[in-house]
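Everything on this sheet refers to the single structure shown next.
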Amino acid sequence: MSNVINIQNLQKSYGNVKALKNISFSVKNGEIFGLLGPNGAGKTTTIRCLTTLAQPDSGEIMIDGISAITQPKQVRQKLGYVAQEVAIDKILTGRELLQLQASLYHLPSSFAKKRIEQLLAVLGLQEYGDRQTGTYSGGIRKRLDLAAGLLHQPQVLVLDEPSVGLDIESRMIVWDFLRQLKLAGTTVLITSHYLEEIDALCDRLAIIDQGEVIAEGSPSNLKDRLGGDRVTLKIKEFATSEEAQSAKEKLSQLSFVENIIINEVQGNCLNLIVTPNSNPISKIEQTLTEINLPMFSISQSRPSLDDVYLAATGKTLLDAEIEASTKRDLKAEKKQAMK
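Basically the numbering used here = 1-based index in the sequence shown + 7.
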């Protein structure tokens with residue numbers, strides 16, 4: 008299967024902030040590929056460069072063999088783009104907005120009319136087509152935005168955080184539609200900080216953190232690379248850091264434990280990756296008894312993408328989101344104080 012998207016050594020800075028440090032990945036023709044990472048990781052900047060809305064400082068972006076940097080007009084003909092923020096004219100009806108979009112694409116009127124009705128039907132928008140978009144819910148507006156991005160039958164559909172703000176029903180409709188697009192041969196690239204979304208939809212993904220790709224592969228392969236099952240252990244409901252450290256040092260000596268990370272957010276939680284079929288829970292219980300440490304709770308499960316992220320960065324995706332949000336708040340407070 009050939010690559011339809013090739014990104015090599017992409018770099019982009021805004022003043023002193025390096026949004027993209029050295030991004031490289033490829034997307035195969037006809038697959039759903041995900042960019043996973045916390046807000047501020049560089050996902051949207053990567054998408055903006057790919058869709059020719061921003062110029063990278065250096066690097067290469069090729070879409071079906073065409074450079075997005077030197078031949079942006081030709082690349083736009085192959086791309087459909089649905090931004091994170093839905094921007095629609097609230098006065099127009101859904102059908103009128105799609106007709107306007109079709110005219111901007113210079114689509115023949117007969118083709119546009121047929122295509123609009125087709126998209127309204129497959130996205131469950133027929134009953135909303137003649138209503139003003141200002142009356143739409145967030146989920147209906149997102150579906151209409153998706154229809155607008157697909158009017159010209161693009162080879163590649165790019166979605167920036169497609170599930171943000173959607174209720175469960177709307178999210179399932181969008182997910183099912185994306186799977187249908189894949190079956191029809193459309194390549195889909197999505198950005199998300201929802202682990203469930205990437206795991207459910209994507210054939211492959213790249214995890215981005217602080218402007219760099221830190222892991223790439225299929226969800227199952229990335230989990231398998233961790234080498235075992237996940238055990239989440241809490242020692243006492245309110246343990247001290249010294250007790251957690253003591254448990255970590257003792258457990259790390261056991262041969263069936265591959266990786267131990269203390270979750271600093273909770274303070275009493277250890278995340279372990281253990282070799283399969285090693286019956287780890289009874290062995291961990293025995294070890295804790297020997298060192299006189301009580302056990303509050305313990306559970307075993309298959310690794311998740313959050314475990315992959317944790318192993319690569321030393322923090323969970325939620326921790327990274329909180330960290331990024333705190334930095335944004337501090338920056339905003341500093342900016343306000345300087346006024």
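The beta carbon of each residue, even a glycine, is placed where N, CA and C say it ideally should be. Just so you know, these numbers come straight off a predicted model, no measurement behind them.
> Secondary structure at Lys349, three-state DSSP: helix, strand or coil?
Replying inline: In the structure as shown, the chain begins at 8 and stops at 346. Residue 349 is therefore absent and cannot be evaluated.
>> Going by C-alpha to C-alpha distance, which of Leu190, Ile98 and Leu43 sits closest to Asp216?
In response: Leu43
> Helix or strand or just coil, what does DSSP make of Glu219?
Replying inline: It is a strand residue.
> Taking the continuous beta strand (DSSP E) assigned at Val315, which residues delimit it?
Replying inline: Note, Val315: premise wrong, no beta strand (DSSP E); alpha helix (DSSP H) at Leu312 to Thr320.
> Touch check for the segment 245-254 and the segment 57-71: three-plus C-beta pairs under 8 Å?
Replying inline: no
> In angstroms, rounded to a whole number, what distance separates the CA positions of Phe40 and Leu86?
Replying inline: 15 Å
> Can you tell me whether Glu38 is buried or exposed, with buried defined as 16 or more other CB within 10 angstroms of its CB?
Replying inline: buried
> Quick one: what's got a C-beta closer than 6 Å to Gly49's C-beta in the same chain, skipping five residues either side?
Replying inline: Ala26, Leu27, Ile215 and Gly218
> For Asn13, which beta-bridge partners are listed by DSSP?
Replying inline: Note: Asn13 sits in a beta bridge opposite Ser33 and Met69.
>> I need the straight-line Cα distance from Asn10 to Leu295, nearest angstrom please.
In response: 51 Å
> Buried or exposed: which applies to Glu203, given that a residue is buried once 16 or more other Cβ atoms fall within 10 Å of its Cβ?
Replying inline: When all chains shown are included, Glu203 counts as exposed.
> What number of angstroms, rounded off, separates the C-alpha of Ala128 from the C-alpha of Ile205?
Replying inline: 26 Å
>> Using the three-state DSSP reduction, which class does Glu328 fall into: helix, strand or coil?
In response: helix
>> Less than 7 Å between the beta carbons of Arg122 and Leu158, yes or no?
In response: yes
>> Can you give me the C-alpha to C-alpha distance between Ser110 and Thr140, rounded to a whole angstrom?
In response: 18 Å
>> Quick check on the DSSP output: the alpha helix (DSSP H) that includes Ser4 runs from which residue to which?
In response: As displayed, the chain neither begins before 8 nor continues past 346, which places residue 4 out of reach and without an answer.
> What span of residues does the beta strand (DSSP E) with Val195 cover, start to end?
Replying inline: Thr194 to Ser199
> So, using beta-carbon positions, are Arg150 and Thr100 closer together than 7 Å?
Replying inline: no
>> Considering only their Cβ atoms, is the gap separating Thr194 from Val163 smaller than 7 Å?
In response: yes
> Per DSSP, Ile305 is paired with what?
Replying inline: Leu240
>> Under 8 Å, with one C-beta from each stretch per pair, do the segment 321-329 and the segment 288-304 reach the 3-pair mark?
In response: no
>> With the cut-off set at 7 Å, would you say Val347 and Phe303 are in Cβ contact?
In response: In the structure as shown, the chain starts at 8 and stops at 346, and residue 347 therefore has no counterpart that could be examined.
> By a C-beta neighbour count over all protein chains shown, 10 Å radius and 16 as the cutoff for buried, is Pro226 buried or exposed?
Replying inline: buried
> To which residues of the same chain is Val89 closer than 6 Å at the C-beta, ignoring the five residues directly before and after it?
Replying inline: Asp152, Leu153, Gly156 and Leu166
>> If you follow the alpha helix (DSSP H) that Cys56 is in, where does it begin and where does it stop?
In response: Lys50 to Leu57
> Roughly how many angstroms separate the alpha carbons of Gln307 and Ser20, rounded to a whole number?
Replying inline: 42 Å
> For the putative contact between Leu105 and Asp96, defined by C-beta atoms under 8 Å, what is the C-beta separation to the nearest angstrom?
Replying inline: Not quite, the Cβ-Cβ distance comes to about 11 Å (not below 8 Å), so this is no contact.
>> Could you compute how far the alpha carbon of Leu126 sits from the alpha carbon of Glu256?
In response: Roughly 58 Å between the two C-alpha positions.
> From which residue to which residue does the beta strand (DSSP E) around Phe40 run?
Replying inline: Ile39 to Leu43
> Helix, strand or coil for Leu166 per DSSP?
Replying inline: strand
>> For Val281, report the span of its beta strand (DSSP E) as first-last.
In response: Cys276 to Val281
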